[in-house]
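Asker: There's a structure below that I have some questions on.
2 protein chains.
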Amino acid sequence: MRLLVLGTVAYDTVKTPFGRREQALGGSATYCALAASYFTEVAILGVVGEDFNDSDRELLIRHKVDLSGLSTIAGGRCFHWQGEYGFDLNTAVTLRTDLNVLESFDPIVPEHLREVPYVFLANMDPEIQIKTLDQLTGPKVVAADTMNYWIEQKRGGLLDLLARVHILVINEAEVRQLTGDYNLLRAGHRILSYGPKMLIVKRGEYGVLKITDDSVFAAPAYPLESVFDPTGAGDSFAGGFIGHLAGNGNLQPEALRQAIIMGSVMASYNVEDFSTARLASLSRQEIDERYRGFRRLTEFGDL
Amino acid sequence: MRLLVLGTVAYDTVKTPFGRREQALGGSATYCALAASYFTEVAILGVVGEDFNDSDRELLIRHKVDLSGLSTIAGGRCFHWQGEYGFDLNTAVTLRTDLNVLESFDPIVPEHLREVPYVFLANMDPEIQIKTLDQLTGPKVVAADTMNYWIEQKRGGLLDLLARVHILVINEAEVRQLTGDYNLLRAGHRILSYGPKMLIVKRGEYGVLKITDDSVFAAPAYPLESVFDPTGAGDSFAGGFIGHLAGNGNLQPEALRQAIIMGSVMASYNVEDFSTARLASLSRQEIDERYRGFRRLTEFGDL
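Residue numbers (the numbering used here), protein chains in the order written: chain A, 1 to 303; chain B, 1 to 303.
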């Protein structure tokens, strides 16, 4: 196994100006693993309830996702998120969060996954992210996400985590919140001093910035005429990014940039339909075509 | 003469979290012409009052800016804008606007400037922008800017203008306001149906998007650790862009992309200091070095 993804496998009820879906497959690990599955072998570490549908399980298995780390709680129900987007599609208003089986989630990494070289710790309580890391025998690359709630409520645990993470993938507002500095580049450099070698700043419809000690890389988001549902865009990005890295095993700067574009490709497809509909039905041809689209979108010559 | 810039030559009182400047040289034509002056011959069409300082006039002349179209109103005072930026530096709060000599501005293009091939009509009453165009004998490229006020108050005049403009350079919020469509790409295509062959969407710290009927080009803004004063960034961008186009006379897609990067270079330098301080003191070496910086910031290889 090349990549382990810790995260949620959830049912989402989502309303956007373009429609509504009830109890549709979602969750950070779902989006991340599906996106990564086009590039590498991936396993999910997470928990579901008895209500987890066979058809959703089969969807993941069809994408060759290893579900041996996805435990099912008897009598439990899947994590459920309900949210709504306005016309700008930039920020979701959370209407309801039912933790359900997540409330007592204790991550146990199956024996055969402990030597996995690539790890993505999706947004979750930093204690659970650390507990996962503690069970691994020295992964080559650890990437992690977090959110405003943990920055506010579990700053200590989050800083402990950051000391052990190679790549932090968080959104722009969180970069500012974590450091108290509005200037993104300065804030990014401060975060690097907390441990990570690399920061990837997610900026929604404006794309991402990769910040290291000695370089910055800017990738735009792919301009689309129709965005139906931004849910999961960040996790699809992360999945395409780390999945591509894990798949080719190259950590040179050029490979990191390509992986960031691949993450952006996956995020751009994901928002074209509700839930995992688009992400689950891509061809490698479509993926490569959009990668070339990113080249056409950004390239310009020397003077 | 290669380029004519219609716009304001003004004094600004600006406060940012990093300092305050009183009655500092500003105005759309000032920023645009200074930025363009590094690449081409440029003339200003505008108006000042008797309070216009000799030292500011000399600054423009040192940059070989033709001021024969800059009339001085006896007893009048220069346009004055007072604004303040918060820590995000994204949006200025206008505290005061004194139109002064602008109130009765009637643009008269000097005879020797009427055959100018490149024109930038900075944000101004569409009637004045049109009156300027009416005096020109068929410019090769007309680019224009506008603002929310004219979209709201003089929509008819603005649409008349757009039918005669090749390149519209406006900010993201104005694209949405002008079309009533939140989706930037769709809104952009609608604006192209009003007349322009090309739309350049300014997105502040996120850079710009160039939209034509059959392509999109995304350029990031240059990430800076210290932004002191964003005033004039949009006009510096426009000046670098149209100045570079005018300077090399090439309108191929590749040249347009390079010009957009050059506009971004000039905007990035401009915000590094108050007023025109940085823009007025650049070397061609610095400009080329930052152009290469944009290449390093954005390049990634084929798969």
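We put the CB at the ideal spot given by N, CA and C, even for glycine. Keep in mind that this is a model prediction, so the values were computed, not measured.
List the residues that DSSP assigns as beta-bridge partners of residue 46 of chain B.
Answerer: B:70
Asker: How about residue 258 of chain B: is its C-beta nearer than 8 Å to some C-beta of chain A?
Answerer: yes
Asker: Under 8 Å by Cβ, that's how I've got residue 77 of chain B and residue 40 of chain B pegged, so tell me the actual separation to the nearest angstrom.
Answerer: About 31 Å separates the beta carbon of residue 77 of chain B from that of residue 40 of chain B, a gap too long to meet the 8 Å contact definition.
Asker: Just to confirm, are residue 235 of chain B and residue 28 of chain B a CB contact at a threshold of 8 Å?
Answerer: Yes, the Cβ-Cβ distance between residue 235 of chain B and residue 28 of chain B is below 8 Å.
Asker: What does DSSP give as the partner residues of residue 239 of chain A in its beta bridges?
Answerer: BP columns for residue 239 of chain A are empty, so no partner.
Asker: Taking only runs of the beta strand (DSSP E) that begin and end inside the segment 270-302 of chain A, which ones reach a length of at least 3 residues, in chain order?
Answerer: Those beta strand (DSSP E) runs which fall completely within the segment 270-302 of chain A and span 3+ residues do not exist here.
Asker: For residue 137 of chain A and residue 145 of chain A, I'd like the C-alpha separation in whole angstroms.
Answerer: Counting only the Cα atoms, residue 145 of chain A lies some 21 Å from residue 137 of chain A.
Asker: I need the straight-line Cα distance from residue 174 of chain A to residue 168 of chain A, nearest angstrom please.
Answerer: In this model, residue 174 of chain A and residue 168 of chain A are separated by some 11 Å (Cα to Cα).
Asker: Tell me the DSSP secondary structure of residue 122 of chain B in three-state form.
Answerer: Coil at residue 122 of chain B, not helix or strand.
Asker: Are the C-beta atoms of residue 38 of chain A and some chain B residue less than 8 Å apart?
Answerer: no
Asker: Do residue 257 of chain B and residue 300 of chain A have their CB atoms nearer than 8 Å?
Answerer: Yes, they are a contact pair.
Asker: In chain A, which residues lie less than 8 Å from residue 270 of chain B when you measure between Cβ atoms?
Answerer: The premise fails here: residue 270 of chain B is roughly 17 Å from chain A at the closest Cβ pair, so nothing lies under 8 Å.
Asker: With DSSP as the reference, please indicate the residues paired to residue 82 of chain B in a beta bridge.
Answerer: Its beta-bridge partners are B:13, B:96.
Asker: For chain B, find out if any of its Cβ atoms is closer than 8 Å to the Cβ of residue 171 of chain A; answer yes or no.
Answerer: Interface criterion not met: the Cβ of residue 171 of chain A is under 8 Å from no Cβ in chain B.
Asker: From which residue to which residue does the beta strand (DSSP E) around residue 171 of chain B run?
Answerer: 167-171
Asker: Would you decide whether residue 80 of chain B is buried or exposed? Buried here means 16 or more other CB atoms lie within 10 Å of its CB.
Answerer: The residue is buried, with at least 16 neighbouring Cβ atoms inside 10 Å.
Asker: Using a C-beta to C-beta distance shorter than 8 Å, which residues of chain B count as neighbours of residue 254 of chain A?
Answerer: Neighbours of residue 254 of chain A on chain B, chain order: 300, 301.
Asker: Run through DSSP, which three-state label would residue 29 of chain A get?
Answerer: helix
Asker: Output the boundary residues of the alpha helix (DSSP H) element that contains residue 187 of chain B.
Answerer: Run containing residue 187 of chain B: 184-192, per the alpha helix (DSSP H) assignment.
Asker: From the beta carbon of residue 290 of chain A, is the nearest beta carbon of chain B less than 8 Å away?
Answerer: No, no contact with chain B.
Asker: Check whether chain B comes within 8 Å of residue 88 of chain A, counting only Cβ atoms and requiring the distance to be less than that.
Answerer: Interface flag for residue 88 of chain A against chain B is set, since a Cβ pair is found closer than 8 Å.
Asker: Listed in chain order, which residues of the segment 198-218 of chain A have Cβ atoms closer than 9 Å to some Cβ of chain D?
Answerer: Absent from the structure is chain D; the protein chains it does hold are A and B.
Asker: Return the residue from the list B:4, B:26, B:113, B:10 that minimises the CA-CA distance to residue 278 of chain B.
Answerer: Ranking the options by Cα distance to residue 278 of chain B, first place goes to B:26.
Asker: Can you give the Cα-Cα distance for residue 71 of chain B and residue 46 of chain B, rounded to whole angstroms?
Answerer: 6 Å
Asker: In chain order, what residues of the same chain lie with their CB nearer than 8 Å to the CB of residue 189 of chain B, ignoring the 5 residues before and after it?
Answerer: 211, 213
Asker: Tell me where the beta strand (DSSP E) around residue 6 of chain B begins and ends.
Answerer: 3-6
Asker: Using beta-carbon positions only, say whether residue 220 of chain A and residue 297 of chain A come within less than 8 Å of one another.
Answerer: yes
Asker: Taking the CB atoms as reference points, tell me whether residue 160 of chain B and residue 130 of chain B lie closer together than 8 Å.
Answerer: In this structure, the beta-carbon distance from residue 160 of chain B to residue 130 of chain B falls below 8 Å.
Asker: What is the rounded straight-line gap between the Cα of residue 127 of chain A and the Cα of residue 157 of chain A?
Answerer: Between residue 127 of chain A and residue 157 of chain A, the C-alpha separation is close to 6 Å.
Asker: Which residues does DSSP pair with residue 260 of chain B in a beta bridge?
Answerer: Answer by DSSP bridge pairing: none, since residue 260 of chain B is not bridged.
Asker: Got a sec, what are the start and stop residues for the alpha helix (DSSP H) residue 59 of chain B sits in?
Answerer: 54-62
Asker: Measure the alpha-carbon distance for residue 89 of chain B versus residue 194 of chain A and round it to whole angstroms.
Answerer: 26 Å
Asker: Grouping DSSP H, G and I as helix and E and B as strand, with all else coil, what is residue 75 of chain B?
Answerer: If DSSP states are grouped into helix, strand and coil, residue 75 of chain B belongs with coil.
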